[in-house]
Structures are given as C-alpha cells and as structure tokens.
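Working notes, structure below.
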Amino acid sequence: MSDLVPLLVAVPILAAVLTLGVGHLVRRAAWPLAALAAVVQVGLAASVAATVYASGEAISYELGGFEPPYGIELVVDGLSAAVVVLVAVVALGVLVYARRAGPRSPAFLTEYLLLVAGLSGMSVTGDMFNLYVFLEITGLAAYALVATGDSGRAAVGALKYLVIGTVGASLFLLGVGYAFLATGTLNMADLSVRLAEVGYDATLVRASFALVVVGLAVKTALYPLHTWQPEAYASAPDSVSAFIAALVSTVSAYALARCVFSIYTVDFLAQVPLARTGLLTLAGVSIVAGSVLAVLQTEIKRMLAYSSVSQFGLVVAGFTLADPASVTGATIHLLGHAVMKGGLFLAAGAIAVIAGARTVDEYDGLGARAPVLSGSFAVLALAMVGVPPAVGFVGKWYIALGAVQSEAWPIAVVILVSTLLTLAYFARLLERMFFRAAPATERVTAPGAAVADGGYTRPDSVSPGMVAVVVLAAALALVLGPATSQFEQLLRPTLETLLQL
Amino acid sequence: MTELLDLLLTRYNYVAAVLLLGIGVYMIIESTNLVKKVVGLNVFQTGIFLFFITSAYREGGGPPVLTNPGPYVSPLPHVLILTAIVVGVSLVAVALALIVRIYSEYGTLDEDVLREVQTGE
Numbered sequence: 235m236s237d238l239v240p241l242l243v244a245v246p247i248l249a250a251v252l253t254l255g256v257g258h259l260v261r262r263a264a265w266p267l268a269a270l271a272a273v274v275q276v277g278l279a280a281s282v283a284a285t286v287y288a289s290g291e292a293i294s295y296e297l298g299g300f301e302p303p304y305g306i307e308l309v310v311d312g313l314s315a316a317v318v319v320l321v322a323v324v325a326l327g328v329l330v331y332a333r334r335a336g337p338r339s340p341a342f343l344t345e346y347l348l349l350v351a352g353l354s355g356m357s358v359t360g361d362m363f364n365l366y367v368f369l370e371i372t373g374l375a376a377y378a379l380v381a382t383g384d385s386g387r388a389a390v391g392a393l394k395y396l397v398i399g400t401v402g403a404s405l406f407l408l409g410v411g412y413a414f415l416a417t418g419t420l421n422m423a424d425l426s427v428r429l430a431e432v433g434y435d436a437t438l439v440r441a442s443f444a445l446v447v448v449g450l451a452v453k454t455a456l457y458p459l460h461t462w463q464p465e466a467y468a469s470a471p472d473s474v475s476a477f478i479a480a481l482v483s484t485v486s487a488y489a490l491a492r493c494v495f496s497i498y499t500v501d502f503l504a505q506v507p508l509a510r511t512g513l514l515t516l517a518g519v520s521i522v523a524g525s526v527l528a529v530l531q532t533e534i535k536r537m538l539a540y541s542s543v544s545q546f547g548l549v550v551a552g553f554t555l556a557d558p559a560s561v562t563g564a565t566i567h568l569l570g571h572a573v574m575k576g577g578l579f580l581a582a583g584a585i586a587v588i589a590g591a592r593t594v595d596e597y598d599g600l601g602a603r604a605p606v607l608s609g610s611f612a613v614l615a616l617a618m619v620g621v622p623p624a625v626g627f628v629g630k631w632y633i634a635l636g637a638v639q640s641e642a643w644p645i646a647v648v649i650l651v652s653t654l655l656t657l658a659y660f661a662r663l664l665e666r667m668f669f670r671a672a673p674a675t676e677r678v679t680a681p682g683a684a685v686a687d688g689g690y691t692r693p694d695s696v697s698p699g700m701v702a703v704v705v706l707a708a709a710l711a712l713v714l715g716p717a718t719s720q721f722e723q724l725l726r727p728t729l730e731t732l733l734q735l
Numbered sequence: 007m008t009e010l011l012d013l014l015l016t017r018y019n020y021v022a023a024v025l026l027l028g029i030g031v032y033m034i035i036e037s038t039n040l041v042k043k044v045v046g047l048n049v050f051q052t053g054i055f056l057f058f059i060t061s062a063y064r065e066g067g068g069p070p071v072l073t074n075p076g077p078y079v080s081p082l083p084h085v086l087i088l089t090a091i092v093v094g095v096s097l098v099a100v101a102l103a104l105i106v107r108i109y110s111e112y113g114t115l116d117e118d119v120l121r122e123v124q125t126g127e
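Each protein sequence line maps, in turn, to chains A and B. Going by our numbering, the first residue of the first sequence is number 235, and it counts up by one from there. Going by our numbering, the first residue of the second sequence is number 7, and it counts up by one from there.
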C-alpha cells in the first residue's frame, strides 16, 4: 500500500505536464484531463487514508530505495492522511467550480495541478529539506495562480505575496540549516531523536525552532506576518482565492504542527517555556487582530481573508497548547475551516456573478435574489461563527476545552471574544442579505469585460456545478460536525504518538 | 573585546553570510523600485546559500570524491543548495514576469507611485 504514497505527488505533476501539452493541441481536452487527475487524486488519497486508519500506524516510503535517515522518506500518519484527503477533495470541488467561473486556460489548470502536487507533497514528506522544496513549489504555483486575476492589481498582489512568501520560506530554510548544523540529519524522525541528544537548551536548537516557526507562520499568515494575504486573496479570481484560502494556509499550519510535534516534540515546548508562551502570544494576538480587522473591512473577500488570520491563530493556539483535547480541536478546525472558508469564497464569487455584489453594502436584499447561494452563504457563515452542530463549533469547543484544561485562561477568553467578533462581521452581512430590501436601481455589471493574460474572462452566469459545489460545502460544514466523534477515534493513535501520551 | 574580535575573525564566513542576509532584508524593505526588491530577495537567499555551503567546510577536507583518500567536506549541503538555487532562479523568473505585467499595466515600477495609482482608481 505504501507504493501509493509517492503517486500522491507524482500523479498531479504528470497530469500537469499532460494538461499543458494536450491543452496546447486540443484546448477543450484540458479541463476533462485535469478533472480526471483530480478524481484519481481523491481515490489515491482515500485509499492511503483508509490504510492508515485501518492499521492505526504510519506508513513510510523510501524514495529511490535509499534508507530513511540518509534518503528522503515519505510518511503518512493519521494527521497527514486527513490533510491529504482534504487537499484532494477541495481540489476536485474547486475545479468543478472553475469550469464556468474560470480561468480556463490549460496553463491555469497546469498551475492548479502543480499546486495540488506541492500541497500533497508538504503533507506526506518526512524530510525537512524536502518540506522546504514542496513549500516553494506550493508558493510558486500559488503566486502564479493569484496573478491570473483580471487586472494589474492581481499582479501587484501576487508580487507582494511572492516577496513576503519567499522571505518566509527562506527563514524556514535557515532554520533547517541550524537544525542540520546541530545534528547532521534532515530526516524528521531522526531529527527528533538527535535534537533531544543535543539538548533543547542549546542555542542552535532554539534558534532553529524560532526560524522554522516564524517561516511557517508567514506562510500560515499569522498576525503580524499576514500582510500578503488580504491583497492576494482579494485580487485573485474567485476560484483561486477559494482554493488558496482553503488549502495553502491550512497545509502550512499543518506543517507547523508537524515541525512542532514530530521534530521538536512536546518536550521542547515543556522545557522551553519561552517558545510556548511566544507561540501562544502570536496566536492570541492573531485571533483578536484578525477578527477586528475583518470587522473593519467593506470588501467581502478582504473580510474573509482577515477572518482566516483569526481562525489560523485559533488553530495554532490549539496545537501549541499540546493538550489532547486542544490538538484534536485544532485538527478538526483546520479541516473544517478549509471547507467553510473555501465554501464562503466560492459562494461570494457566485454571488458576485449573479448580483455583482462585492462589498458589504451591495449585499442588501440578496436573500430574495439568490436564495440558494445566500442560504448556503448563511449556513457557512454561521458554521464559521461556531453555531452547533456545525464543524466550526466542534473545533472551537475542543480548543477552548483544551485551553481550560491546561489553564491557559487568556486563550480561553480570546476564543470567546473572537467568536463574538466573528458573529459581528457575519451577522451584519446576514442582516443585510435577509432583512433588507434590494436597492431600487439594479447595479449593472459588465460581464466578460476584462480579459487578462491567463485568458480569464469573468463568467456571465452561474453554472449548476458552481451552485452544487457551494451547497455541498455548506452541507459538509453541517454534516462534518456530528461526524467528528468518529474522526476523533481514528485520530487517537496518531495523537498518542505525537503528544507522547 | 579581543575575544569578540577573535570570534569574528575566525568565523568570517558566517559573518559574511549574516551580512548578506542583512543587506538583502534592507533592500527588500527600503527600496521602492520593484526590481531592486527582487534583487534584494536574491541577495537574501544567497546569504542562506553561503551559510549552508560554509557549514559543509571541514579543516583540511578535500572534494567528496571516492578516489580522494583524505577527509572530505560534507557533500550534503552542496547538493541541497543546488536544489535551493534552482528554486531561487524560478522565483526570480516568476517575480520578473509579474513585474513586466505590472509595468505594462501601470507604466511604473515605483512602489509608492503604484500605491497612489491603485488607490486612486
């Protein structure tokens, strides 16, 4: 079964090349090819995850037949299996949405599949330098995707993303270098043993932890390292911002958790209180600042972007507390947030196509004009706030529970405050959508007005596929909540290893 | 004081790496010209490359080739940095492509002017 693991990375890359080549000859064939690859990816991810959860043990694969401490190793445990499945499913969903919503050029689909490959690679790798390479593949694909937007604004947003993202990845690389200097190994499992031998109070080890964490925090977009995110999300095409918002930060947060638990281990957090306090402070500030900034926004996509800053603060706080309940919560929230935020971006994009509404004011009376999409948006928004039984509630509940159990009162308070703020920025939208009349004068939108390099034209209508994906996301947000108790059982063996219970 | 000086003189390769890192970050933050920013990014990355390469050094170490009998320098960082250089080159390529796009759209490469044009829209 472990032979399937490298295919998780290889299939999207091969499909990307094939899509570009075939799409060059027969343009119409590009999308079906990409969709086929996405379906295969879902199948691969599901079967790998099924194996991992059935045995309760991590599966490992030696790349090129070199033994793990020297060669590169791919490892899938319960946590990474969940992330891999998430990546595959969201990629397929957004691809269906992008068929009408665009961009549709073969080049776009190629970048899209490369991003899937990068994200899957980040999830399954067991080697620090390999993680850096996948981080950069993910980054490069994401920068290019953001730039497929229909104006120069997208290019400016993408360049800003590129500069900050590269600095983040470089800091991560520097941290890897420090860890390598201290131990002489790059394999994660080997590193965790050798770092403990070197001693957690060694300056090299502490410096490497700080650099790795800050580098990944940039990629996760924690406040105040989030500055690339709002502009990148707001200027990218809707399908791209949904995909990136759902996955790129998510997988970076997963990588952060992976580094903290699998490499530096919970002992490091226990022995170096400064690291724990520092990360918790970063997360706490991120939770509040993200929510406050989201309340201040008038543009919907910017608001959703700042909301992500806050939610990822929550996830990182959950991981840092390293309490079984909070780590379960952080994992659930990581997965749930991807579904909810991706769904919200997709819904916002579809609403923009129907009603031309892109700012808070323009959402007046949308409930009557686009009932299905508005309804789904409302469900996703309430799930995000944390109304039971949605998945957003379960994740937050467990994180809060973990904060109380480990007596991190400031975090518990911050979670409550941020929930209220989340309610504040979503409630005003819901009030406008369902309890206000539509403006008397219809806004005139100019469909298909702008054409950019990626062959990107704004769609003039919403396809059934687009609506179906949004509704499906809303349904998932509701269904996944009650289903988390089963997931928790599946995750238990992994958590016991990670947290050394 | 002499200890510090001694440390700096014997570890001059690390000092050079840190200097490059500093210059790179300064260029990224301080220059308003987008091309200079990208060059700064490149300098920053070069600092990291140098750091890795210098970590491979070993007193009296020769090239890591099988026919070489003596002590070797560590081959791993060199291989890693080859990969990192490739990544760096692709990053610069993407960045320059974006800059071309920005220039054709706005007719400027100055960050401040760009911000004014964008908010004025």
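Glycine included, every Cβ here is placed at the ideal spot set by N, Cα and C. Since this is a predicted model, take the numbers as computed values, not measurements.
- Looking from the CA of valine 245 of chain A, the closest CA among A/Gly355, A/Val380, A/Tyr412, A/Ile478 belongs to A/Gly355.
- The C-beta of threonine 8 of chain B has fewer than 16 other C-beta atoms within 10 Å across all chains shown, which makes the residue exposed.
- Among the residues of the stretch 380 to 407 of chain A, those with a Cβ less than 8 Å away from any Cβ of chain B are Ala381, Ser385, Gly386, Arg387, Ala389, Val390, Ala392, Leu393, Leu396, Val397, Thr400, Val401, Ser404, Leu407, in the order of the chain.
- Between leucine 270 of chain A and valine 276 of chain A, the alpha-carbon positions lie close to 10 Å from each other.
- According to the DSSP assignment, isoleucine 306 of chain A belongs to no alpha helix (DSSP H), since it is labelled neither H nor E.
- The three-state reading of DSSP puts asparagine 19 of chain B in helix, counting H, G and I together.
- Tryptophan 462 of chain A sits buried, since 16 or more C-beta atoms from the chains shown fall within 10 Å of its C-beta.
- DSSP places tyrosine 287 of chain A in the uninterrupted alpha helix (DSSP H) bounded by 264 to 289.
- In this structure, threonine 454 of chain A sits away from serine 544 of chain A, with a CB-CB distance that is not shorter than 9 Å.
- The C-beta of histidine 258 of chain A has fewer than 16 other C-beta atoms within 10 Å across all chains shown, which makes the residue exposed.
- In the structure shown, the three-state DSSP call for tyrosine 377 of chain A is helix.
- Per the coordinates, the alpha-carbon of glutamate 465 of chain A lies some 7 Å from the alpha-carbon of arginine 536 of chain A.
- Taking 9 Å as the cut-off between beta carbons, the residues of the stretch 348 to 371 of chain A near chain B are Phe363, Tyr366, Val367, Glu370, Ile371, in sequence order.
- Within the stretch 370 to 448 of chain A, complete alpha helix (DSSP H) segments of at least 4 residues are found at 386 to 417, 422 to 432, given in chain order.
- Listed along the chain, the chain A residues whose CB falls inside 9 Å of the CB of lysine 42 of chain B amount to none; the nearest CB is some 11 Å away.
- In the DSSP assignment, isoleucine 497 of chain A falls outside any alpha helix (DSSP H) and carries neither an H nor an E.
- Chain order gives the chain A residues near threonine 89 of chain B as Phe363, Tyr366, Val367, where near means a beta carbon separation below 9 Å.
- Apart from sequence neighbours up to five positions away, the residues of its chain that approach glycine 67 of chain B with a beta-carbon distance below 6 Å are Pro77, Tyr78, Val79, ordered along the chain.
- Note on aspartate 501 of chain A: under 16 other CB atoms within 10 angstroms of its CB, so exposed under the neighbour-count rule.
- Put simply, the stretch 330 to 344 of chain A does not touch the stretch 279 to 293 of chain A. Fewer than three CB pairs are less than 8 Å apart.
- Beta bridge pairing from DSSP links glutamate 296 of chain A with A/Glu307.
- Per the coordinates, the alpha-carbon of serine 541 of chain A lies some 30 Å from the alpha-carbon of valine 410 of chain A.
- In this chain, the alpha helix (DSSP H) harbouring histidine 571 of chain A covers 558 to 589.
- Among the residues of chain B, none has a CB under 7 Å from the CB of tyrosine 597 of chain A; the nearest is roughly 22 Å distant.
- For a Cβ distance threshold of 8 Å, nothing in chain B lies close to leucine 429 of chain A: the least Cβ distance comes to about 16 Å.
- If the five residues before and after alanine 559 of chain A are omitted, its C-beta is found closer than 7 Å to the C-beta atoms of Tyr632, Leu635, Gly636, Gln639, all from its own chain and listed in chain order.
- Counting every other CB atom within 10 Å of its CB across the protein chains shown gives tryptophan 265 of chain A a total of 16 or more, marking it as buried.
- Taken through DSSP and simplified to helix, strand or coil, asparagine 74 of chain B comes out as coil.
- Distance check between alanine 624 of chain A and each of A/Ala708, A/Ser608, A/Phe611, A/Val703 places A/Ala708 closest, using alpha-carbon atoms only.
- Chain A places a beta carbon closer than 9 Å to that of proline 83 of chain B, counting this residue as a contact.
- In this structure, the straight-line span from the alpha carbon of alanine 103 of chain B to that of serine 404 of chain A is close to 21 Å.
- Around the C-beta of glutamate 431 of chain A, fewer than 16 other C-beta atoms lie within 10 Å, and the residue is accordingly described as exposed.
- Within a 10 Å sphere around the beta-carbon of glutamate 730 of chain A sit fewer than 16 other beta-carbons, which makes this residue exposed.
- By the Cβ test, the stretch 471 to 481 of chain A is not in contact with the stretch 425 to 441 of chain A, since fewer than three Cβ pairs between them sit closer than 8 Å.
- Ranked by Cα distance from aspartate 595 of chain A, the options A/Ala523, A/Gly298, A/Val494, A/Ala672 are led by A/Ala672.
- Using a CB distance cut-off of 9 Å, leucine 10 of chain B does not count as an interface residue toward chain A.
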